[in-house]
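Remarks on the structure that follows.
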């Protein structure tokens with residue numbers, strides 16, 4: 021059986037995802053706050069407020085505490101001469117294999133949050149769609165992009 | 003005072019008449035002006051529209067009066083040249099030529115209206131790149147000179163009738179119109195529903211069932227007629243490295259599919275066609291599939307399984323169907339679960355709260371049976387350079403992809419699949435208008451990983467050009 025891809029993405033990805041998760045948690049907590057306020061005013065029954073608070077706490081712990089770490093643990097990639105091999109996925113675990121000869125172009129991109137941490141994502145595009153390796157350090161991402169581009173250039177593309 | 007008032011009214015009446023006359027005169031003038039303007043604009047469009055095949059073989063198109071647009075197209079970039087002719091054009095012996103390139107999706111890069119059929123043929127020949135299929139340059143050149151003599155299939159009258167009545171086009175259109183019909187029903191006055199339903203009376207049930215039946219039959223008839231018009235005088239010819247499909251009564255379409263653009267071959271069995279043992283053969287091709295047609299280009303709408311095999315060998319060589327293994331027995335419960343879980347809850351609610359609601363429980367039962375059926379059709383297989391994936395959505399489809407056409411392959415597992423040692427296998431190819439992904443659910447985990455190895459194995463010969471499909475001259 022094919023061994024798992026060898027490379028991990030940058031450890032700072034966990035922090036970035038925690039921050040992004042915190043933004044989502046803020047919305048959930050705000051919604052719960054509204055529910056609690058309304059039940060304190062007597063508009064909603066108390067059990068609604070209790071449920072909302074519980075949901076907000078569990079969701080926040082999950083999207084800030086658990087998900088980023090597990091997601092990072094699950095993310096692996098490997099670039100060999102002949103293919104790009106990815107393995108990721110939190111609940112649905114996915115392995116993707118992209119033959120190097122099918123790669124059309126490679127990009128690095130970084131939003132403000134990634135940039136603040138000196139991270140970039142590498143996007144591998146084929147004629148059949150795009151695949152992203154998220155959150156690599158800028159140097160690693162640049163090197164990887166150039167390497168894939170060089171390997172993909174060797175063969176002329178058919179499509 | 004009276005005469006004065008009378009005179010005043012008379013003048014007013016005359017003025018009124020004059021104004022009315024002026025009004026209608028202006029309207030007539032406006033219509034004439036608009037007509038002349040339309041003709042003038044059409045003439046300017048025609049006058050300014052020029053095309054030319056330059057000495058280097060590239061196509062140059064210039065058009066526009068105020069904004070002048072100039073397009074240059076080298077034959078290497080041309081993916082396909084389609085022609086179409088509506089009723090008026092057919093009477094006049096004219097066609098519209100659509101030239102497709104890879105980057106433009108649905109819209110043709112260049113569309114030249116009102117060419118004579120001869121000019122259109124010359125243009126298509128000029129745009130056939132010399133590099134395309136070196137093995138067949140001579141055959142292709144011959145094919146361009148004279149009407150191609152390659153293997154061909156036509157539809158006889160009775161076959162056309164079968165294609166029409168087994169078409170699901172009408173039912174699909176009905177499904178698309180369902181929200182509209184629902185909106186119309188909701189616009190009916192309240193009083194129409196002012197019936198107290200204690201137990202559904204025989205007449206109400208009969209009226210609803212009758213209405214639904216009429217709607218279904220009407221949709222089926224309309225869909226059949228539309229399909230018959232589309233596939234009228236259907237002809238498919240293989241000449242050199244191309245397959246040409248001609249069809250249509252009111253609008254005549256011609257599409258050339260170069261074999262080296264074929265990404266996948268599909269054998270589709272709709273419910274009605276499967277019932278009479280017939281298969282539709284189609285291809286997904288890069289940059290082809292425009293013209294409002296979603297999905298693959300139909301190469302033949304109605305063949306028996308044996309005919310389809312022979313047809314495939316001749317028309318799209320290098321795509322012989324590998325033996326297909328069904329998904330393992332333990333996948334059955336996943337398929338039944340998948341098809342039943344959605345309808346189960348609402349029908350339980352209906353069964354509990356609505357009088358006579360227990361009838362709704364038949365829905366999850368039917369869904370479960372459907373799940374068993376979908377399970378039985380799911381499977382995949384590999385042999386040599388070809389991978390086959392078979393699945394059922396409504397129709398049963400078998401997709402064949404050559405290893406060199408696989409853009410990416412993925413194997414995914416959700417926790418329930420993980421427990422059962424199952425996985426979902428997806429293969430992506432490049433095709434227009436949308437990228438095509440072929441998926442088979444709940445295959446054996448180890449087998450699925452074998453598919454990754456198979457795709458990976460094909461990339462070992464790096465540095466060599468794609469072995470491609472040997473295209474022998476025909």
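Protein chains in written order, with this note's numbering: chain A, 21 to 179; chain B, 3 to 476.
A virtual CB, placed ideally from N, CA and C, is assigned to each residue, including glycine.
Measure how close the beta-carbons of residue 429 of chain B and residue 286 of chain B come, nearest whole angstrom, since I'm counting them as under 8 Å.
Residue 429 of chain B to residue 286 of chain B, Cβ: 12 Å. No contact.
Any C-beta of chain A under 8 Å from that of residue 83 of chain B
No - not a single Cβ of chain A is within 8 Å of the one on residue 83 of chain B.
Of the residues B/228, B/159 and B/255, which one's Cα is nearest the Cα of residue 98 of chain B?
B/255
Considering residue 265 of chain B, what are the terminal residues of the alpha helix (DSSP H) in which it resides?
That residue, residue 265 of chain B, is in no alpha helix (DSSP H); its beta strand (DSSP E) goes 264-271.
What does residue 455 of chain B touch in chain A if you count any residue whose Cβ is under 7 Å from its own?
22
Since residue 117 of chain B is in the alpha helix (DSSP H), which residue starts that stretch and which ends it?
Counting along the chain, residue 117 of chain B falls outside any alpha helix (DSSP H), though it belongs to the beta strand (DSSP E) covering 112-118.
Kindly list, in the order they appear in chain B, the residues whose Cβ is closer than 7 Å to that of residue 125 of chain A.
Going along chain B, no residue has its Cβ under 7 Å from residue 125 of chain A, so there is no contact; the nearest lies around 13 Å.
Between residue 34 of chain A and residue 229 of chain B, what straight-line distance do the alpha-carbon atoms span, to the nearest angstrom?
Spanning the alpha carbons of residue 34 of chain A and residue 229 of chain B requires a straight line of approximately 55 Å.
By how many angstroms is the C-alpha of residue 370 of chain B removed from the C-alpha of residue 205 of chain B?
31 Å
When the Cα of residue 299 of chain B is compared with those of B/389, B/315 and B/261, which residue comes out closest?
Each of B/389, B/315 and B/261 was checked against the Cα of residue 299 of chain B, and the nearest Cα belongs to B/261.
What does the alpha-carbon distance come out to for the pair residue 157 of chain A and residue 31 of chain A?
9 Å
Suppose you measure from the CA of residue 400 of chain B to the CA of residue 390 of chain B; what does that come to, to the nearest Å?
7 Å
Mind listing the chain A neighbours of residue 417 of chain B? Cutoff is C-beta to C-beta under 7 Å, in chain order.
111
Quick test of the definition: if touching needs 3 or more C-beta pairs under 8 Å, does the stretch 121-128 of chain A touch the stretch 149-166 of chain A?
yes
Looking at residue 344 of chain B: is its Cβ nearer than 8 Å to the Cβ of residue 353 of chain B?
With respect to the 8 Å criterion, residue 344 of chain B and residue 353 of chain B are not classified as neighbours on the basis of their beta carbons.
For the pair the stretch 60-67 of chain B and the stretch 213-232 of chain B, tell me if three or more CB-CB distances fall below 8 Å.
With the cut-off at 8 Å, the stretch 60-67 of chain B and the stretch 213-232 of chain B do not touch.
Quick one: does residue 134 of chain A have its CB under 8 Å from some CB of chain B?
no
So what does residue 415 of chain B bridge to, in DSSP terms?
A/113
From the beta carbon of residue 90 of chain A, is the nearest beta carbon of chain B less than 8 Å away?
Residue-level contact check: residue 90 of chain A does not touch chain B, since none of the beta carbons of chain B fall below 8 Å from its beta carbon.
Roughly how many angstroms lie between the CA atoms of residue 403 of chain B and residue 320 of chain B, to the nearest whole one?
Inter-residue distance for residue 403 of chain B and residue 320 of chain B is about 10 Å (C-alpha atoms, whole angstroms).
Assuming residue 123 of chain A and residue 144 of chain A form a contact by the criterion Cβ under 8 Å, report the distance between their Cβ atoms to the nearest whole angstrom.
6 Å
Could you name the residues of chain B that residue 93 of chain A contacts, counting a contact when the two beta carbons are closer than 7 Å?
At a beta-carbon threshold of 7 Å, none of the residues of chain B lie near residue 93 of chain A; the nearest stands roughly 16 Å away.
Are the C-beta of residue 430 of chain B and some C-beta of chain A separated by less than 8 Å?
yes
Should the stretch 32-51 of chain A be regarded as contacting the stretch 78-92 of chain A, the criterion being three or more beta carbon pairs within less than 8 Å?
yes
Using a Cβ distance threshold of 8 Å, determine whether the stretch 168-179 of chain B contacts the stretch 214-229 of chain B, with at least three qualifying pairs required.
When Cβ pairs closer than 8 Å are counted between the two stretches, the stretch 168-179 of chain B is seen to touch the stretch 214-229 of chain B, the count reaching three or more.
Find the residues of chain E that neighbour residue 51 of chain A, judging by a C-beta separation of less than 9 Å, and give them in chain order.
No chain E is present in this structure, whose protein chains are A and B.
Kindly indicate which residue of B/394, B/276, B/23 and B/100 has the alpha-carbon position closest to the one of residue 165 of chain B.
When C-alpha distances from residue 165 of chain B are compared across B/394, B/276, B/23 and B/100, the shortest belongs to B/276.
What residues of chain A sit near residue 411 of chain B, judged by a beta carbon separation below 7 Å?
Here the neighbours are 117.
For residue 52 of chain A, which residues from the same chain have a beta carbon less than 6 Å from its beta carbon, with the 5 sequence-adjacent residues on both sides left out?
72, 73 and 76
Simplified DSSP assignment, three categories, for residue 126 of chain A:
Note: residue 126 of chain A maps to strand in three-state DSSP.
In chain A, which residues lie less than 8 Å from residue 408 of chain B when you measure between Cβ atoms?
119 and 122
Ignoring anything shorter than 3 residues, give me the beta strand (DSSP E) runs that lie fully in the stretch 117-172 of chain A, in order along the chain.
123-129, 139-146 and 149-157
Would you kindly check if the distance between the Cβ of residue 349 of chain B and the Cβ of residue 365 of chain B is under 8 Å?
Less than 8 Å separates the beta-carbon of residue 365 of chain B from that of residue 349 of chain B.
Limits of the alpha helix (DSSP H) - the one that residue 205 of chain B falls within:
204-232
So, at 7 Å on beta carbons, what are the nonlocal neighbours of residue 88 of chain A in its own chain, with the 5 sequence-adjacent residues on each side left out?
34, 37, 38 and 41
In whole angstroms, give me the CA-to-CA distance for residue 29 of chain B and residue 35 of chain B.
Residue 29 of chain B and residue 35 of chain B have their C-alpha atoms spaced approximately 10 Å apart.
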